[in-house]
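**Student:** Sharing a structure here in structure tokens format.
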Ligand code: ATP
Ligand code: ATP
Ligand code: MG
Ligand code: MG
């Protein structure tokens, strides 16, 4: 009798401790590739930026946005993506573990499914995995600060990596390149690229410099198309490489964070 009581669901559920994420706040789920330094070497990604690897990441983000209604915006760079859920989202009753695990596993399986579309000549040799976390941001202003932080990070890393790999490709060892760049400022890195390698940083592909923003385009009427199956107008998910730090992007897309 006593033993049977112990398998009662209410008894076992009483051990579950899960707090809801704060109500009426933007939820950001950031996922990041696990050991992608090694993953990118095993799959011989171009350095510092493999465009196809980034396009593959973007295709998975498009799928996430199409699948999960509450995701209103996402921003990605390198092996990471941030997904913004609308403030009043009740997805998984705002339980972080539910929200994060579902987005992370969906993204990972999409990555595997889409791999051959982006790397038709390359075998996928390892199962990619991603970590994920959820953070609440209580105001639109702070959410935009968060997104600006990720984009600044993109710029700083890309500038460093571009210099690093130019030095390595020109014959320096990795540790020599690292020492060479130690303590240099942004201006000096730009000069290094220009003077030593004849590269104008501003002319590098915009996806490498700005990262990728993925969202439903509700403003541009050319992005609204007729879905024949549903017999109504649907908006299209777009991938753009733009400055999301400046006010102008958010002014041009007022419905994203309305
Ligand atoms: P962790 O598991 O802690 O995240 P990590 O090896 O994934 O470790 P990150 O700081 O996330 O480390 O950095 C991701 C690394 O993956 C980059 O440093 C870069 O070497 C590689 N990488 C990711 N995307 C690309 C890409 N598109 N092109 C080239 N390299 C890439
Ligand atoms: P949710 O997204 O809320 O988890 P769900 O449809 O996954 O919804 P569950 O309560 O997790 O609902 O139940 C899983 C369902 O998947 C089962 O009801 C069953 O219909 C189906 N299912 C899972 N595994 C099997 C299996 N091996 N054989 C047949 N059906 C299965
Ligand atoms: Mg990583
Ligand atoms: Mg990373």
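In the numbering used here, the protein residues as written are 238 to 495.
From the three backbone atoms N, C-alpha and C, an ideal C-beta is built for every residue, glycine too.
Small disclaimer: the values here were computed from a predicted structure and weren't measured.
Report yes if the C-beta distance between residue 246 and residue 399 is below 8 Å; otherwise report no.
**Tutor:** The residue you call residue 246 lines up with position 9 of the chain shown. The residue you call residue 399 lines up with position 162 of the chain shown. No, the pair does not count as a contact, with Cβ atoms beyond the cut-off.
**Student:** With residue 479 as the anchor, note down where its alpha helix (DSSP H) starts and where it stops.
**Tutor:** Working through the chain shown from its first residue, we reach residue 479 at position 242. Careful: residue 479 lies outside any alpha helix (DSSP H) and carries neither H nor E.
**Student:** Quick one: does the C-beta of residue 271 sit closer than 7 Å to a heavy atom of ligand 3?
**Tutor:** Counting from 1 along the chain shown, the entry for residue 271 is found at position 34. Yes, ligand 3 has a heavy atom inside 7 Å of this Cβ.
**Student:** Pick from 319, 352, 414, 279: whose alpha carbon is nearest that of residue 371?
**Tutor:** For the purposes of this step, residue 371 is identified with residue 134 of the chain shown, where counting begins at 1. The residue with the shortest Cα to Cα distance from residue 371 is 319.
**Student:** Under 7 Å from any heavy atom of ligand 3, does the C-beta of residue 316 make it?
**Tutor:** In the chain shown, residue 316 corresponds to position 79, counting from 1. Indeed, a heavy atom of ligand 3 lies less than 7 Å from the Cβ.
**Student:** What are the boundary residues of the beta strand (DSSP E) that residue 311 is part of?
**Tutor:** As a working note, residue 311 is residue 74 in the chain shown. From DSSP, the beta strand (DSSP E) with residue 311 extends over 308–314.
**Student:** For the segment 437–456 against the segment 270–283, do three or more pairs of beta-carbon atoms, one drawn from each stretch, fall closer than 8 Å, so that the two count as touching?
**Tutor:** Touching, no.
**Student:** Out of 486, 472, 255, which one is the CA nearest neighbour of residue 303?
**Tutor:** Your numbering for residue 303 matches position 66 in the chain shown. Out of 486, 472, 255, 472 has the C-alpha closest to the C-alpha of residue 303.
**Student:** Can you name the start and end residues of the alpha helix (DSSP H) that residue 446 belongs to?
**Tutor:** Here the question's residue 446 lines up with position 209 in the chain shown. Looking at the DSSP string, the run of the alpha helix (DSSP H) that includes residue 446 is 443–447.
**Student:** Are the Cβ atoms of residue 310 and residue 301 separated by less than 8 Å?
**Tutor:** Position 73 of the chain shown, counted from the first residue, corresponds to residue 310. Position 64 of the chain shown, counted from the first residue, corresponds to residue 301. Going by C-beta atoms, residue 310 is not nearer than 8 Å to residue 301.
**Student:** At which residues does the beta strand (DSSP E) containing residue 268 begin and terminate?
**Tutor:** Counting from 1 along the chain shown, the entry for residue 268 is found at position 31. Note, residue 268: beta strand (DSSP E), 263–270.
**Student:** Near residue 347, what residues of its chain come up, given a Cβ to Cβ distance below 7 Å and the 5 sequence neighbours on each side ignored?
**Tutor:** Your numbering for residue 347 matches position 110 in the chain shown. Cβ within range, chain order: 297, 300.
**Student:** Taking the Cβ atom as the reference point for each residue, do residue 426 and residue 417 lie within a distance shorter than 8 Å?
**Tutor:** Taking the chain shown and counting its residues from 1, the one referred to as residue 426 is at position 189. Taking the chain shown and counting its residues from 1, the one referred to as residue 417 is at position 180. Not in contact: residue 426 and residue 417 (Cβ atoms no closer than 8 Å).
**Student:** Are the CB atoms of residue 373 and residue 448 nearer to each other than 8 Å?
**Tutor:** In the chain shown, counting from the first residue as 1, residue 373 sits at position 136. In the chain shown, counting from the first residue as 1, residue 448 sits at position 211. Not closer than 8 Å, so no.
**Student:** Which partner residues of residue 257 appear in the DSSP bridge assignment?
**Tutor:** Indexing the chain shown from 1 puts residue 257 at position 20. Partner(s): 332.
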